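Notes follow the structure.
Protein chains: 2
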Amino acid sequence: MSVGQCDFPTMHPVAGIMLGTACAGIKQTVRDDILVIQMAEQSTCAAVFTQNAFCAAPVHVAKANLAHKPRWLLINSGNANAGTGEQGLQDALLSCAELAKVVNGANNQVLPFSTGVIGQPLPVEKITAALPEAIKKLSIDNWDKAAHAIMTTDTFPKGVSKIIIIAGQSITINGISKGAGMIQPNMATMLGFIATDAKISQAHLQDCLALAVEQSFNRITVDGDTSTNDACVLMASGCSSAPEITSDSEHYAVFADAILSVCKQLAEAIVRDGEGATKLIRIVVEEASQTEEAVRVGKTIAHSPLVKTAFFASDPNWGRILAAVGRSGIENMMLENVQIFLDDVCIVRNGGRADDYTEEAGQQVMDKDEITVTVKLGRGEAVEEVLTCDLSYDYVKINAEYRT
Amino acid sequence: MSVGQCDFPTMHPVAGIMLGTACAGIKQTVRDDILVIQMAEQSTCAAVFTQNAFCAAPVHVAKANLAHKPRWLLINSGNANAGTGEQGLQDALLSCAELAKVVNGANNQVLPFSTGVIGQPLPVEKITAALPEAIKKLSIDNWDKAAHAIMTTDTFPKGVSKIIIIAGQSITINGISKGAGMIQPNMATMLGFIATDAKISQAHLQDCLALAVEQSFNRITVDGDTSTNDACVLMASGCSSAPEITSDSEHYAVFADAILSVCKQLAEAIVRDGEGATKLIRIVVEEASQTEEAVRVGKTIAHSPLVKTAFFASDPNWGRILAAVGRSGIENMMLENVQIFLDDVCIVRNGGRADDYTEEAGQQVMDKDEITVTVKLGRGEAVEEVLTCDLSYDYVKINAEYRT
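Residue numbers (the numbering used here), protein chains in the order written: chain Y, 17 to 420; chain S, 17 to 420.
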């Protein structure tokens, strides 16, 4: 189940970025579950990682190797290699070494990523055995297969492809991502891989990514759980004929906007495919005194199981939204100044139900599968948006049966 | 559905405290839905209220009237009189005035409490019409009926009755409470009413209550949503022959302990009856550097939908517990020092799965319907306990269908 039409787009190749997948059989399934991405030699690479204090073994290794001009990403689904202690760390390092051997590179030029069940040993031998196949298949045309290979409970692959023109030359930006549970990214998302053929320094690339992630992946939540494995990578091969993007060039803003746009689309796709999701809920908090306040109110609403079940039931139970705003921990909040809208229907005004509100009008909005909740706090001018989904029987089912 | 045996106990009468119920038909149901409690003239009364910024109309009135030596509580279920604006405030005041008229008391000696649907006008006329009946029935023997009258989605009435001996004289303490959703009390609980015949000043009574609530109702969570109507009241009629309890008397600690014990039992009953609950989860956080840290880790685990669905499925998916500890926002947490136990089975040690852990041992614990999760942080000596329940299909069902 997912919300809305989510066809995988045509992905334009990104010069200098090759992808290869293979089936390692990590979860005894017959589908490609490992992905190798190879970057051209002059590439730069930026990344952001989970803020979970117990980040997984591959996150430790990827963080360390980011400084060594990475050329390869090694991604597996089906096993998170998290909560696996010292052995997990050795397993992540060994996987990198095995890939480096096949491609004749340096161990520390490989960034490893894992997603799947926490707490089970990584089957390194299975992964090692499948590496030659993935390498053999390396091609600039494998974005579709790559998006499939990184899926866990996702019901559809997530991709975005975008071309921008800079100084008359085209720059391609592609991204893939995966959800679909344990989603409240914190400074990073579950897994997102974005590649471009732009020429840009590592430092600028990192700035672009950090800014984009903050406004996209860090504004979504499915269940409020921050994964131990969240990571988002932005690779730039420099193979485009467009001039180098520097921070003082007029092109920087165009490029940064394009990266943000790709991140936002990937983030939204994760929510549309949130575990058990039947509705996409866009929570816009306006008139907040500051950004942090707006995000806090938005996330409190987005995390409320009572709000989420009401959306699942298409019940315009706005009292639950009001209660969530009230418990979000904002000091000196004045109920009298708060207004709440479902799409363009005002439901709360002057501290109570809006005079002109009717259950019919509320019901009409709730029957849609994409709904915008707008909360005006009457405290300032900050505006932020948080995306979430509803809480359905299927969320419970998926997560109750996850390991069976 | 509830966890464990929850028979309503025999409630000893509390001298000086009379209770009367009646059917006002607030939700078109044929059951008693209003409760009046009358305190003897010399009584003292303490109360704590929700910290939700948008507290309901009756909470505003009750807070104000607490200073006027209250003699009566007027409680209704089926309608929360929250999110009802100025009209809601007038309705709460009018209800108090109507009761005062019948009992020939002062308006501001009545404390009103409401629980039920948010955002719908309080049917004051229905309540007024039923008041004479409730007053006529006032009796010291109506604790059972009172516990029933305050229920909403609760599946069983919750009561505790306790007798302590002070200076050779008995003091009775009775309490009733109701849940069962929007439960993460913050300085108060959903609704709890406790009465004793002890002689004790209002100031000491308030101290006792605040301390007890902090260690009981404020340590439970069903869904992390703090209600707009949470309130807990402690009444003392002074009718016992025991000497007055003063803060410098040796009896103070005995009395305070008894109040805490009653609060803990009532709080636990709320979790046992949490919406859709099939398991009671006791989360003990040990070796924290301070109380606040222990509570924070405990509540992060307790709020994780992934942890809660794993418990529902009896799946020893300890990785989800570990991930929740990791995202709880404690600075400089060292994974290597963390240990996690399911009952007495150690599942995590030295940052990874305990060497001696087996899935069979974990499964044996998970198959129980009352489970203790112990997390040792290895940072200090603070210990705190948080109670919660699992997240089941029925939670979604109950909350999706709440208003239908």
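Where is the CB? At the ideal position from N, CA and C, for every residue including glycine.
Note that the structure is predicted; figures quoted are calculated from it, not measured.
Check: Pair within 8 Å by beta-carbon distance, S:Ser155 and S:Gly36; Outcome: yes
Check: Y:Ile134 at chain S interface by Cβ criterion, 8 Å; Outcome: yes
Check: is_contact[Y:Thr100, chain S] using C-beta, thresh 8 Å; Outcome: yes
Check: For Y:Cys362: DSSP bridge partner residues; Outcome: Y:Phe357
Check: Inter-residue spacing [alpha-carbon to alpha-carbon] between Y:Thr262 and Y:Gly191; Outcome: 22 Å
Check: Where the beta strand (DSSP E) containing Y:Gly94 begins and where it ends; Outcome: 88–95
Check: Alpha carbon of S:Tyr373 to alpha carbon of Y:Ala274, nearest angstrom; Outcome: 49 Å
Check: Span of the beta strand (DSSP E) around Y:Arg298; Outcome: 296–304
Check: Any C-beta of chain Y under 8 Å from that of S:Ser320; Outcome: yes
Check: Cβ-based neighbour list, Y:Ile143, same chain, cut-off 7 Å, excluding 5 preceding and 5 following; Outcome: Ala40, Ile50, Asn92, Ser111
Check: Proximity test, Cβ basis, 8 Å: S:Ala204 and chain Y; Outcome: Low local confidence applies: a pLDDT of 44 at S:Ala204 is under 50, so the model's placement there is unreliable, with the coordinate-based value given in what follows. No, no contact with chain Y.
Check: Distance between Y:Thr294 and Y:Ser408 (C-alpha atoms, nearest Å); Outcome: 7 Å
Check: Pairwise C-alpha distance: Y:Arg298 and Y:Leu403; Outcome: 5 Å
Check: Alpha carbon of S:Phe169 to alpha carbon of Y:Arg336, nearest angstrom; Outcome: According to the sequence displayed, residue 169 of chain S carries Thr and not Phe. When rounded, the distance between both Cα atoms is 16 Å.
Check: Cβ-based neighbour list, Y:Leu138, same chain, cut-off 6 Å, excluding 5 preceding and 5 following; Outcome: Asn95, Asn97, Asp107
Check: Continuous alpha helix (DSSP H) stretch holding S:Gly342: start and end; Outcome: 334–342
Check: Y:Asn190 - containing beta strand (DSSP E), residue span; Outcome: 185–194
Check: Where the alpha helix (DSSP H) through Y:Cys61 begins and ends; Outcome: Careful: Y:Cys61 lies outside any alpha helix (DSSP H), inside the beta strand (DSSP E) at 60–65.
Check: Nearest-angstrom Cβ-Cβ length linking Y:Ala339 and S:Met198, presumed shorter than 8 Å; Outcome: 7 Å
Check: Which of helix, strand or coil DSSP assigns to Y:Arg288; Outcome: helix
Check: Y:Thr244: contacting residues in chain S (beta-carbon distance under 9 Å); Outcome: Gly335, Leu338, Ala339, Gly342, Arg343
Check: Interface partners of S:Gly104 on chain Y, CB under 7 Å; Outcome: Gly368
Check: Contact belief for S:Leu127 with S:Val249 at Cβ below 8 Å, rounded distance in angstroms; Outcome: 7 Å
Check: Same chain only: Cβ atoms within 6 Å of S:Ala285, ignoring 5 sequence neighbours per side; Outcome: Lys174
Check: Other residues of its chain near Y:Lys194: CB distance less than 7 Å, five sequence neighbours each side excluded; Outcome: Thr131, Ile166, Met167, Thr168, Asp170, Lys174, Met206, Leu207
Check: Closest Cα partner of Y:Ala62 within the set Y:Val133, Y:Asn333, Y:Asn68, Y:Ala80; Outcome: Y:Ala80
Check: Nearest-angstrom Cα separation, counted from Y:Met382 out to Y:Glu303; Outcome: 24 Å
Check: Straight-line Cα distance separating S:Asp385 from S:Met203; Outcome: At S:Met203, the pLDDT of 40 sits below 50, so the modelled position is not reliable; the number obtained from the coordinates is stated separately. So the alpha carbons of these two residues sit roughly 28 Å apart.
Check: Cβ neighbours of Y:Ala146 in the same chain (closer than 7 Å, five flanking residues each side left out); Outcome: Ala38, Cys39, Ala40, Ile50
Check: Cβ-Cβ distance between Y:Thr237 and Y:His319 below 8 Å; Outcome: yes
Check: Secondary structure, alpha helix (DSSP H): runs of 4+ residues fully inside the segment 115–176 of chain S; Outcome: 140–152, 159–165
Check: is_contact[Y:Met34, chain B] using C-beta, thresh 8 Å; Outcome: Although the question refers to chain B, the structure presented lacks it and instead comprises the protein chains Y and S.
Check: DSSP bridge partner residues for S:Gly208 (one or two, in chain order); Outcome: S:Ser193, S:Cys248
Check: Limits of the unbroken beta strand (DSSP E) element including Y:Cys405; Outcome: 398–405
Check: Where the alpha helix (DSSP H) containing S:Thr8 begins and where it ends; Outcome: This structure cannot settle anything about residue 8 of chain S, because the visible part of chain S is limited to 17 through 420.
Check: Neighbourhood of S:Gly104 by C-beta distance below 6 Å, restricted to the same chain and skipping five residues each side; Outcome: Ala73, Asn97
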